[in-house]
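In my numbering, the protein residues as written are 2 to 82.
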């Protein structure tokens, strides 16, 4: 798969992740994290270093979101029981 096609796959993953995040589903954070890793690779390949840095920060924010949302889900489930 060439780099142009990879970028379209990453676009689709990013948009799907956004849909899940809007629905407050942690799967969106996981999709974003995977897409961000792809975007970092893509940006480094095309030498867009500032954008690679941006997606590295986004990846860290996704990790934070995954931990935070998972912790909240566990608390909510514990309170329901």
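Ideal placement from N, C-alpha and C gives every residue a C-beta, glycine not left out.
Cβ neighbour criterion (16 or more within 10 Å) applied to residue 30: Within the chain shown, residue 30 is the residue found at index 29, counting from 1. Buried, by the Cβ-count rule.
How many angstroms separate the CA atom of residue 74 from the CA atom of residue 37? Working through the chain shown from its first residue, we reach residue 74 at position 73. Working through the chain shown from its first residue, we reach residue 37 at position 36. Our two residues, residue 74 and residue 37, have alpha carbons roughly 24 Å apart in a direct line.
Closer than 8 Å to a non-hydrogen atom of the ligand GDP - does that hold for the CB of residue 7? Of the ligands one can find in the structure shown there are none, so the ligand GDP has no counterpart to examine.
Residue 82 - DSSP class collapsed to helix/strand/coil: The sequence position of residue 82 within the chain shown is 81, counting from 1. Coil, per DSSP.
Could you check whether residue 59 and residue 11 sit closer than 9 Å to each other, using their CB atoms as the reference points? If you number the chain shown from 1, residue 11 lands on position 10. If you number the chain shown from 1, residue 59 lands on position 58. No, they are not a contact pair.
Rounded to whole angstroms, what's the CA-CA distance from residue 72 to residue 57? Just pull it up for me. Looking up residue 72 in the chain shown gives position 71. Looking up residue 57 in the chain shown gives position 56. In a straight line, the C-alpha of residue 72 is about 23 Å away from that of residue 57.
Is residue 40 closer than 9 Å to residue 83 when the C-beta atoms are compared? One cannot answer for residue 83 here, as it falls past the ends of the chain, which runs 2 to 82.
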